[in-house]
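Those letters in the sequence shown? Residues 1 to 558, by full-length UniProt numbering. Note that the Cβ used here is the ideal one computed from N, Cα and C, for glycine as well. What follows is a single structure, written as structure tokens, with notes after it.
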Amino acid sequence: MSLAASMRKPAAWRRAGPRGGGGGGGLRRRGAVVLLLALAYAAGMLMFLLAGRLSGGGSGVEVAGSSSPLQRGRRRHADAQPPPQPGSVYRSHLVFERLWPAMRDDATLAASASSLASSASWRRSMLMTSEYQNSGEPWMPCVNSRLTRSELPPSNGYLMIEANGGLNQQRLSICDAVAVASLLNATLVIPTFHLNSVWRDSSKFGDIFDEDHFIETLREHVRVVKKLPEDVLMRFNHNISSIPNMRTKAYSSPKHYVQKVLPKLLELGVVRIAPFSNRLSQSVPSNIQALRCLVNYHALRFSESIRTLADDLVGRMMKKSSLTGGKYVSVHLRFEEDMVAFSCCTYDGGLKEKTEMDNARERSWRGKFRRHGRVINPEANRRDGKCPLTPLEVGMMLRGMGFDNTTSLYIASGKIYHSEKYMTPLRQMFPLLATKDSLALPEELAQFKGHSSRLAALDYTVCVQSEVFVTTQGGNFPHFLMGHRRYLFGGNAKTIKPDKRKLVLSFDDPNIRWDRFKQNMQEILQHSDVRSVAFRKPNDSIYTFPMPDCMCQQDGLR
1 MSLAASMRKP
11 AAWRRAGPRG
21 GGGGGGLRRR
31 GAVVLLLALA
41 YAAGMLMFLL
51 AGRLSGGGSG
61 VEVAGSSSPL
71 QRGRRRHADA
81 QPPPQPGSVY
91 RSHLVFERLW
101 PAMRDDATLA
111 ASASSLASSA
121 SWRRSMLMTS
131 EYQNSGEPWM
141 PCVNSRLTRS
151 ELPPSNGYLM
161 IEANGGLNQQ
171 RLSICDAVAV
181 ASLLNATLVI
191 PTFHLNSVWR
201 DSSKFGDIFD
211 EDHFIETLRE
221 HVRVVKKLPE
231 DVLMRFNHNI
241 SSIPNMRTKA
251 YSSPKHYVQK
261 VLPKLLELGV
271 VRIAPFSNRL
281 SQSVPSNIQA
291 LRCLVNYHAL
301 RFSESIRTLA
311 DDLVGRMMKK
321 SSLTGGKYVS
331 VHLRFEEDMV
341 AFSCCTYDGG
351 LKEKTEMDNA
361 RERSWRGKFR
371 RHGRVINPEA
381 NRRDGKCPLT
391 PLEVGMMLRG
401 MGFDNTTSLY
411 IASGKIYHSE
421 KYMTPLRQMF
431 PLLATKDSLA
441 LPEELAQFKG
451 HSSRLAALDY
461 TVCVQSEVFV
471 TTQGGNFPHF
481 LMGHRRYLFG
491 GNAKTIKPDK
501 RKLVLSFDDP
511 NIRWDRFKQN
521 MQEILQHSDV
531 RSVAFRKPND
541 SIYTFPMPDC
551 MCQQDGLR
């Protein structure tokens with residue numbers, strides 16, 4: 001029915017009304033309703049048509065088929081996701097494909113007869129400590145001179161602690177436990193280790209550290225026993241969990257232990273603290289700080305089985321590094337499955353990688369990453385430098401920094417995620433690459449298999465003795481290692497600690513040229529931690545910065 005026809009029909013009803021007698025009023029009312037409906041319909045159609053005409057300007061409602069191809073293209077462009085910010089996406093494998101021929105040519109040129117002398121000179125400058133020594137008096141360990149020796153007063157009771165985490169988290173807990181025992185004048189029971197769901201290592205203290213050496217080294221400063229006396233155990237029905245657990249907050253002050261823990265110790269004769277990780281403040285009296293140094297650098301000697309094999313591995317690594325006078329570069333590579341999963345970063349594995357990482361997170365952390373309100377942003381993580389470097393990225397970085405294919409490289413790590421895929425290009429770049437598995441015979445490693453802390457102790461020893469140490473992902477291992485190397489080498493320890501926020505920008509450009517890439521890596525190297533001497537600031541850890549608490553700028557006692 002047309003708009004005109006619909007408007008004429010009510011008029012006809014009006015003319016018929018008088019003939020119908022008393023029903024004319026009802027007909028008029030019905031006619032008015034129909035008229036209003038018709039007007040509303042007409043207004044709606046008019047607005048719909050107008051909106052369709054205006055939709056090409058980028059607003060309003062689009063009528064199907066009313067826009068031109070150009071308009072539709074503009075709308076698709078407006079609706080498309082903006083390109084990711086630089087450094088957000090893993091493209092390192094594409095960068096490597098472009099740069100590898102140039103890397104190879106660079107190595108060939110360096111090995112040519114005309115540049116052999118300069119290449120050897122370069123290796124000496126990169127791997128000789130003397131370049132980084134400061135001009136002042138050498139810093140030497142002086143822990144013993146800072147500790148007073150006197151007869152220990154009667155003990156106030158026994159202190160038990162439970163250390164958790166990996167090798168160096170355990171190490172930190174042990175050092176702090178000795179410090180707390182000194183504050184309380186308590187007898188420390190050899191710490192127990194918590195069986196962690198991630199580390200899955202059932203090792204006891206004596207499997208990793210030399211118990212007798214530990215007790216003897218501390219004999220004049222803190223009493224240490226291997227287990228609780230029988231009479232104390234009997235009071236708690238031989239049930240350790242019946243001993244009161246004095247839960248303490250992280251980084252508690254010495255005052256807290258004296259005021260809160262000591263009264264309970266005096267009352268019961270024994271207390272335990274579990275968990276005991278980072279439970280003592282960094283700021284403590286100088287004598288307690290010196291005691292921490294004594295524990296970390298002297299009392300905590302690895303067990304004989306670990307020392308024997310570790311020393312052999314160091315010797316084999318030096319022999320393998322004959323081109324550089326026995327000097328080698330060590331890399332702490334954190335690209336194990338659990339580390340990749342925990343970082344919530346994405347690489348180039350697609351859906352298969354995502355499934356594996358989801359399963360790994362659920363297996364080790366049981367829903368932690370699925371909690372309500374938790375936001376996972378892999379792109380932001382990568383831009384912020386929080387993603388573990390792949391072996392491929394480590395290799396490109398070092399080659400760009402100037403370490404050529406004659407450099408001996410020691411890789412300290414657990415089981416690398418998709419090792420064949422990610423380690424192959426690293427071996428291409430550094431043929432003289434070694435790991436504990438390649439340096440040791442299978443039968444030599446057999447006793448350590450399944451014990452991550454013991455295996456980490458082997459890596460730790462080889463890395464301590466390296467000329468250059470490269471850290472890629474933070475954590476306790478590199479922090480303790482950097483401090484230990486400073487302590488052993490007069491405060492001088494060359495460490496490469498790259499700014500990963502800058503690194504990912506170079507790894508994100510598949511069109512980058514080799515000369516530009518090298519320039520970027522050299523700049524990162526210059527700003528890295530290659531300082532010869534670094535001092536501890538108020539909130540820093542003495543385990544990373546042993547100066548000036550553990551060392552003096554004079555001859556000291558080791």
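Rounded separation between residue 63 and residue 389 - CA only: Counting from one through the sequence shown, the residue named residue 63 turns up at place 63. Counting from one through the sequence shown, the residue named residue 389 turns up at place 389. Below a pLDDT of 50, predicted positions are generally treated as unreliable, and residue 63, at 40, falls in that range; the measurement from the model is reported next regardless. Between the alpha carbons of residue 63 and residue 389 lies a gap of roughly 51 Å.
For residue 273, three-class secondary structure by DSSP: Locating residue 273 in the sequence shown gives position 273, counting from the first residue. Strand, per DSSP.
Contacting residues, own chain, Cβ-Cβ under 6 Å from residue 406 (five flanking each side not counted): Reading the sequence shown from its first residue, position 406 is the one you call residue 406. Counting only Cβ-Cβ distances below 6 Å, and skipping sequence neighbours, we find 323.
Classification of residue 561 by the beta-carbon crowding that lies within 10 angstroms, buried from 16 upward: Look at the range of the chain in this structure, 1 to 558, and you will see that residue 561 is not part of it.
Own chain, CB closer than 6 Å to residue 502, minus 5 neighbours either side, in chain order: Taking the first residue of the sequence shown as position 1, residue 502 is located at position 502. These residues qualify, in order along the chain: 524.
Residue from 479, 485, 452, 444 whose Cα sits closest to the Cα of residue 462: Here residue 462 is taken as the residue at index 462 of the sequence shown, counted from 1. Across the set 479, 485, 452, 444, the C-alpha of 485 shows the shortest separation from the C-alpha of residue 462.
Integer Cβ distance of residue 174 from residue 163, believed to fall under 8 Å: Taking the first residue of the sequence shown as 1, we reach residue 174 at position 174. Taking the first residue of the sequence shown as 1, we reach residue 163 at position 163. Contact flag correct, Cβ pair sits at about 6 Å.
Range of the contiguous beta strand (DSSP E) that encloses residue 161: Translated into positions along the sequence shown, residue 161 becomes position 161. Segment 158-163, the beta strand (DSSP E) holding residue 161.
Sub-8 Å separation of residue 466 and residue 328 beta-carbons: Here the question's residue 466 lines up with position 466 in the sequence shown. Here the question's residue 328 lines up with position 328 in the sequence shown. Inclusion of residue 466 and residue 328 in the CB contact set at 8 Å is warranted, their separation being smaller than that value.
Beta-carbon separation (whole angstroms), residue 148 vs residue 287, contact threshold 8 Å: Locating residue 148 in the sequence shown gives position 148, counting from the first residue. Locating residue 287 in the sequence shown gives position 287, counting from the first residue. That belief holds up - the Cβ atoms of residue 148 and residue 287 are roughly 7 Å apart, short of 8 Å.
Nonlocal neighbours in the same chain, by C-beta distance under 8 Å from residue 258, ignoring five residues either side: Taking the first residue of the sequence shown as position 1, residue 258 is located at position 258. The answer, listed in chain order, is 183, 184.
Run of the beta strand (DSSP E) containing residue 469, from where it starts to where it stops: Along the sequence shown, read from residue 1 onward, the residue named residue 469 stands at position 469. Annotation: the continuous beta strand (DSSP E) that includes residue 469 extends over 468-471.
Helix, strand or coil at residue 332 [DSSP, three-state]: Here residue 332 refers to the residue found at position 332 when the sequence shown is read from its first residue. Residue state for residue 332 is assigned as strand, using DSSP reduced to three classes.
Strand pairing of residue 342, partner residues [DSSP]: Position 342 of the sequence shown, counted from the first residue, corresponds to residue 342. None; residue 342 has no bridge partner.
Among 159, 108, 440, the one whose alpha carbon lies nearest that of residue 226: In the sequence shown, the residue the question calls residue 226 occupies position 226. It is 159.
Nearest-angstrom Cα separation, counted from residue 157 out to residue 392: Here the question's residue 392 lines up with position 392 in the sequence shown. Here the question's residue 157 lines up with position 157 in the sequence shown. Within the model, the alpha-carbon separation for residue 392 versus residue 157 is close to 54 Å.
Exposure of residue 21, with buried meaning 16 or more beta-carbon neighbours within 10 Å: For the purposes of this step, residue 21 is taken as the residue at position 21 of the sequence shown. Note that residue 21 scores a pLDDT of 42, beneath 50, so its modelled location is shaky; the value from the coordinates is reported in the next line. Classification of residue 21: exposed, given that the 10 Å Cβ count is below 16.
Span separating the alpha-carbon of residue 628 from that of residue 437: Because the chain in this structure spans residues 1 to 558, residue 628 falls outside the shown range and cannot be described.
Cβ contact check for the region 445-460 and the region 299-309: 3 or more pairs under 8 Å: Yes: the two stretches touch, three or more of their Cβ pairs being nearer than 8 Å.
Beta-bridge pairing of residue 193 - partner residues as DSSP gives them: On the sequence shown, residue 193 is found 193 positions in, with the first residue counted as 1. 163, per the DSSP bridge assignment.
Nearest neighbour of residue 349, chosen from 82, 84, 85, 91 [CA to CA]: As a first step, residue 349 must be located in the sequence shown, where it is residue number 349. Taking only the C-alpha atoms, the option nearest residue 349 is 91.
Segment contact, 8 Å Cβ cut-off, at least three pairs: the region 244-259 with the region 269-283: When C-beta atoms of the region 244-259 are compared with those of the region 269-283, three or more pairs fall below 8 Å, so the two segments count as touching.
Cβ-based neighbour list, residue 470, same chain, cut-off 6 Å, excluding 5 preceding and 5 following: For this step, residue 470 is matched to residue 470 along the sequence shown. Cβ neighbours of residue 470 within its own chain (closer than 6 Å, five residues either side excluded): 331, 496.
Three-pair Cβ contact test at 8 Å for the region 473-482 versus the region 359-366: Contact between the region 473-482 and the region 359-366 is absent, because fewer than three Cβ pairs lie under 8 Å.
contact_flag[the region 512-527, the region 393-402] where n(CB pairs < 8 Å) is 3 or more: Cβ pair count under 8 Å is three or more, so yes.
Among 93, 104, 82, the one whose alpha carbon lies nearest that of residue 429: For this step, residue 429 is matched to residue 429 along the sequence shown. Per the Cα distances, 104.
Start-to-end residues for the alpha helix (DSSP H) that takes in residue 460: Position 460 of the sequence shown, counting from 1, holds the residue named residue 460. In this chain, the alpha helix (DSSP H) harbouring residue 460 covers 452-464.
Complete alpha helix (DSSP H) runs within the region 350-413 (minimum length 4 residues, chain order): Taken in chain order, the unbroken stretches of alpha helix (DSSP H) that lie wholly in the region 350-413 and span 4 residues or more are 350-365, 378-383, 391-401.
Extent of the continuous alpha helix (DSSP H) to which residue 542 belongs: Looking up residue 542 in the sequence shown gives position 542. No residue range can be given for residue 542, since it is assigned to no alpha helix (DSSP H) and is classified by DSSP as neither H nor E.
Span separating the alpha-carbon of residue 224 from that of residue 155: One-based indexing of the sequence shown puts residue 224 at position 224. One-based indexing of the sequence shown puts residue 155 at position 155. Those two C-alpha atoms are separated by around 11 Å.
Counterpart residues of residue 141 in DSSP-defined beta bridges: Indexing the sequence shown from 1 puts residue 141 at position 141. BP columns for residue 141 point to 551.
Collapsed DSSP secondary structure at residue 245 in the structure displayed: Locating residue 245 in the sequence shown gives position 245, counting from the first residue. Note: residue 245 maps to strand in three-state DSSP.
DSSP state of residue 535 mapped onto helix, strand, coil: In the sequence shown, counting from the first residue as 1, residue 535 sits at position 535. Three-state DSSP puts residue 535 in coil, outside helix and strand.
Inter-residue spacing [alpha-carbon to alpha-carbon] between residue 410 and residue 150: For the purposes of this step, residue 410 is identified with residue 410 of the sequence shown, where counting begins at 1. For the purposes of this step, residue 150 is identified with residue 150 of the sequence shown, where counting begins at 1. Per the coordinates, the alpha-carbon of residue 410 lies some 45 Å from the alpha-carbon of residue 150.
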